[in-house]
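> Quick one: the structure is below, and I'll ask about it shortly.
Protein chains: 2
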Amino acid sequence: MSVSFAAAAVQQHSMPWLGTAAAEPAGSVLSFAADQRIYAEGDAARSYYKVVSGVVRTCRFLSDGRRQIDAFLLPGDVFGFESGTDRRLSAEAVSSCTVIAYRRSTAIPDDHTVGQFFAFAMTYLEQTREHCLLLGRGSAVQKIAAFLIEMAERTDAAATVGLPMSRQDIADYLGLTIETVSRTLSQMERQGTIALPSARKVVLKNRHLLEELNT
Amino acid sequence: MSVSFAAAAVQQHSMPWLGTAAAEPAGSVLSFAADQRIYAEGDAARSYYKVVSGVVRTCRFLSDGRRQIDAFLLPGDVFGFESGTDRRLSAEAVSSCTVIAYRRSTAIPDDHTVGQFFAFAMTYLEQTREHCLLLGRGSAVQKIAAFLIEMAERTDAAATVGLPMSRQDIADYLGLTIETVSRTLSQMERQGTIALPSARKVVLKNRHLLEELNT
DNA sequence: CGGGCGGTTGAGGTCAATCAATCAGAGTGG
DNA sequence: CCACTCTGATTGATTGACCTCAACCGCCCG
Chain A
0 MSVSFAAAAV
10 QQHSMPWLGT
20 AAAEPAGSVL
30 SFAADQRIYA
40 EGDAARSYYK
50 VVSGVVRTCR
60 FLSDGRRQID
70 AFLLPGDVFG
80 FESGTDRRLS
90 AEAVSSCTVI
100 AYRRSTAIPD
110 DHTVGQFFAF
120 AMTYLEQTRE
130 HCLLLGRGSA
140 VQKIAAFLIE
150 MAERTDAAAT
160 VGLPMSRQDI
170 ADYLGLTIET
180 VSRTLSQMER
190 QGTIALPSAR
200 KVVLKNRHLL
210 EELNT
Chain B
0 MSVSFAAAAV
10 QQHSMPWLGT
20 AAAEPAGSVL
30 SFAADQRIYA
40 EGDAARSYYK
50 VVSGVVRTCR
60 FLSDGRRQID
70 AFLLPGDVFG
80 FESGTDRRLS
90 AEAVSSCTVI
100 AYRRSTAIPD
110 DHTVGQFFAF
120 AMTYLEQTRE
130 HCLLLGRGSA
140 VQKIAAFLIE
150 MAERTDAAAT
160 VGLPMSRQDI
170 ADYLGLTIET
180 VSRTLSQMER
190 QGTIALPSAR
200 KVVLKNRHLL
210 EELNT
């Protein structure tokens, strides 16, 4: 689940959108402020993106105003490729961030590129299935524990994990409310499993215990 | 939910499945009795499958014995392709069923086949995301309503929908208990939204209302 | 007729949602 | 430098949805 930055840099200018690699232009760098929309559900999908810095969330909105966050994208992560012409999710900046946008090409696909996209899709598919398992069968404590471990692994954090997103973001990712997120974190702190030096920092004091909760 | 951008990983993971010949691949027809295992989590992934008749479920088991069903596969559906070498889910026959197994080949990759796999993966990804939304944010009534509509659409059913799977299967698919599934169906029947001529048959008497619940 | 299995129904408990108040920190203006 | 405000986070009290435990029903099959 770790992110490979070296390989990302190498591949940076040769990832067409199901198109030929030959005349593919470099992607354009874009910056977004916190909570700014990158694209919305229903938009035409003309590009895919790679996160350079900051954090991005992909999400869907329900008619009652609630929100389900599909994924948090960290530096190195790729997002925004679609099998159809339209966006199925919205993408927004969690923090101020910069991304590289790669334009979709209409040229004939080559199999190396399609193979890469297949691999991306499968990776996301497996992660989304894992997320389903958590949403369908996990208690609040299990959800928070899994989330903290996920963040720790993805940021290669030793013990102190930075949380770039708000409690509301975490709640919408885990299918909880902000109150439950907050309460669960507080409860874990009282039990000595974690420490909360600030709202956006978590120290994993007993990571083994957190991992056991996930089984 | 990060995607590693490592090119090496992409090669390694996607290549095994890119070898299917352009000519119609030879598949062997297999039959399974109800509840029989087709493959288990952790097995080597040597084939992918297409459902000919009957219904298949893909699922994972938790340490406490509970189960999360990832998907129900109906005739025509393809399942069992993996990005790695191992099965990440188990597959079992819901009813007695027949499937065609296509062995993975080492032949030269083929554009069309690779593109198909990408399309399959994206389709499943979108369905799984939809499922996440339901599991994370839906009430019992919403889950059951969405499930009934899904089954109706997938079987092209007019009004009477056959349910090939048990209440336990439905519960494990929706992240509920059998009691809640049963109660919710009964409640919908009392309200006149559906009728239950038998346990495995549902008549959608007010499909519009069911669809509204989903929004 | 009796047993077994899947499904339904009921009573009571639990966990997370809801409603509501308080707190903490960052930014602003006097 | 200190109120003041605004927003995000925390905590408390209560409610309610779903789970759990348990009994019962209905159908199939011997």
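These protein sequence lines are chains A and B, in that order. Numbering-wise (numbering that gives the first Met the number 0), the first sequence opens with residue 0 and increments by one. Numbering-wise (numbering that gives the first Met the number 0), the second sequence opens with residue 0 and increments by one. All C-beta atoms, glycine included, are put in the ideal place defined by N, C-alpha and C. Keep in mind it's a predicted model, so treat the numbers as computed, not measured.
Less than 8 Å between CB atoms is the rule here; does His207 (chain B) satisfy it with respect to chain A?
Chain A contact via Cβ: absent.
> Glu210 (chain A) to Cys131 (chain B), Cα distance in whole Å?
The straight-line gap from Cα to Cα measures roughly 22 Å.
> I want to verify the contact list: residues of chain B whose CB lies under 8 Å from the CB of Gln67 (chain A), in sequence order.
Per Cβ cutoff of 8 Å: Cys131, Leu132, Gly135 and Arg136.
> Pull up the CB-CB distance for Gly26 (chain B) and Gln67 (chain A), whole angstroms please, since I reckon it's below 8 Å.
The pair is not a contact, with the Cβ atoms about 38 Å apart (cut-off 8 Å).
> Rounded to whole angstroms, what is the Cα-Cα separation between Arg166 (chain A) and Leu173 (chain A)?
For Arg166 (chain A) and Leu173 (chain A), the distance between alpha carbons rounds to 11 Å.
> Could you spell out where the beta strand (DSSP E) holding Lys285 (chain A) opens and where it closes?
As displayed, chain A neither begins before 0 nor continues past 214, which places residue 285 (chain A) out of reach and without an answer.
> Would Leu124 (chain A) count as contacting chain B if we go by Cβ distances under 8 Å?
Closer than 8 Å: yes.
> When the Cα of Tyr123 (chain B) is compared with those of B:Asp69, B:Gly191 and B:Ala144, which residue comes out closest?
Ranking B:Asp69, B:Gly191 and B:Ala144 by Cα distance to Tyr123 (chain B) puts B:Asp69 first.
> Between Arg45 (chain A) and the ligand GTP, is the CB less than 7 Å from at least one heavy atom?
Among the components of this structure there are no ligands whatsoever, and the ligand GTP is therefore not found.
> Just confirm the distance between the C-beta atoms of Thr97 (chain B) and Val28 (chain B), as a whole number of angstroms; I'd bet it's less than 8 Å.
The Cβ separation is near 6 Å, so the contact holds.
> Helix, strand or coil for Ser27 (chain B) per DSSP?
Residue state, collapsed to three classes: strand.
> Along the chain, where does the beta strand (DSSP E) containing Arg36 (chain A) start, and where does it finish?
Taken as a continuous stretch (DSSP letters only), the beta strand (DSSP E) holding Arg36 (chain A) covers Arg36 to Tyr38.
> Three Cβ pairs or more, each shorter than 8 Å: is that satisfied between the region 70-84 of chain A and the region 42-52 of chain A?
Taking 8 Å as the limit for Cβ pairs, the verdict is that the region 42-52 of chain A does touch the region 70-84 of chain A.
> When Cβ atoms are compared, which residues of the region 51-75 of chain B fall closer than 7 Å to chain A?
So the close ones are Arg59, Leu61, Ser62, Arg65, Gln67 and Asp69.
> For Ala144 (chain A), which of A:Gly114, A:Ala43, A:Leu203 and A:Arg65 has the nearest alpha-carbon?
The shortest C-alpha separation from Ala144 (chain A) is found at A:Leu203.
> Closest to Leu184 (chain A) by C-alpha separation, out of A:Gln141, A:Asp155 and A:His207, would be which residue?
For the residues A:Gln141, A:Asp155 and A:His207, the minimum Cα distance to Leu184 (chain A) belongs to A:Gln141.
> Please report the residue range of the beta strand (DSSP E) in which Val201 (chain B) lies.
Unbroken beta strand (DSSP E) run through Val201 (chain B): Lys200 to Leu203.
> Verify the CB distance criterion: does Val113 (chain A) have a CB-CB separation below 8 Å to chain B?
Cβ-Cβ to chain B under 8 Å: yes for Val113 (chain A).
> Quick one: which residues of the region 172-198 of chain B get their C-beta closer than 7 Å to a C-beta of chain A? List them in chain order.
Answer in chain order: Gly174.
> Determine whether the beta carbon atoms of Val113 (chain B) and Phe80 (chain A) lie at a separation below 8 Å.
Not closer than 8 Å, so no.
> Using a Cβ cut-off of 8 Å (strictly closer), state whether Phe116 (chain B) contacts chain A.
Answer yes: the Cβ-Cβ gap between Phe116 (chain B) and chain A drops below 8 Å somewhere.
> Classify Ala22 (chain A) as helix, strand or coil using the three-state DSSP reduction.
Here Ala22 (chain A) scores only 45 on pLDDT, less than 50, and its place in the model should not be relied on; the value that follows carries that caveat. It is coil, neither helix nor strand.
> With distances taken from CA atoms, which of A:Glu178, A:Ala158 and A:Leu175 is nearest His207 (chain A)?
Taking only the C-alpha atoms, the option nearest His207 (chain A) is A:Ala158.
> If we call anything under 8 Å between Cβ atoms a contact, is Glu91 (chain B) one with Arg36 (chain B)?
Taking 8 Å as the Cβ cut-off, Glu91 (chain B) and Arg36 (chain B) qualify as a contacting pair.
> Cα separation between Gly87 (chain B) and Ser46 (chain B)?
Looking at the sequence shown, residue 87 (chain B) is not Gly but Arg. The alpha-carbon atoms of Arg87 (chain B) and Ser46 (chain B) are separated by roughly 14 Å.
> Hey, Pro163 (chain A) and Val54 (chain A): beta-carbon distance below 8 Å or not?
Taking 8 Å as the Cβ cut-off, Pro163 (chain A) and Val54 (chain A) qualify as a contacting pair.
> So, for Gly41 (chain B): in the same chain, excluding its five sequence neighbours on each side, which residues have a beta-carbon less than 8 Å away from its beta-carbon?
Asp85 and Arg86.
> Please report the Cβ distance between Ser94 (chain B) and Ala33 (chain B), rounded to the nearest whole angstrom; I am assuming they are in contact, meaning their Cβ atoms lie under 8 Å.
At roughly 5 Å, the Cβ-Cβ gap stays under 8 Å, so Ser94 (chain B) and Ala33 (chain B) are in contact.
> Measure the C-alpha to C-alpha separation of Leu175 (chain A) and Arg56 (chain A) and round it to an integer number of angstroms.
Cα to Cα, Leu175 (chain A) sits roughly 17 Å from Arg56 (chain A).
> From which residue to which residue does the beta strand (DSSP E) around Glu216 (chain B) run?
Since the first and last residues shown for chain B are 0 and 214, residue 216 (chain B) lies out of range.
> If you reduce the DSSP assignment to three classes, tell me which class Leu195 (chain A) lands in.
Three-state DSSP puts Leu195 (chain A) in a strand.
> Less than 8 Å between CB atoms is the rule here; does Arg128 (chain A) satisfy it with respect to chain B?
It does: the Cβ of Arg128 (chain A) has a partner Cβ on chain B nearer than 8 Å.
> Among B:Ile177, B:Gly161 and B:Ala43, whose alpha-carbon lies nearest the alpha-carbon of Asp168 (chain B)?
That would be B:Ile177, whose Cα lies nearest to the Cα of Asp168 (chain B).
> Report back the beta-carbon spacing between Gln121 (chain A) and Ala120 (chain B) to the nearest angstrom; my notes put them in contact at under 8 Å.
As written in the sequence, residue 121 (chain A) is Met, which differs from the Gln given in the question. The Cβ separation is near 5 Å, so the contact holds.
> Mark Thr192 (chain A) as exposed unless 16 or more other C-beta atoms lie within 10 angstroms of its C-beta, in which case mark it buried.
Classification for Thr192 (chain A): buried.
> Within the 8 Å Cβ cut-off, does Met150 (chain B) reach chain A?
Chain A contact via Cβ: absent.
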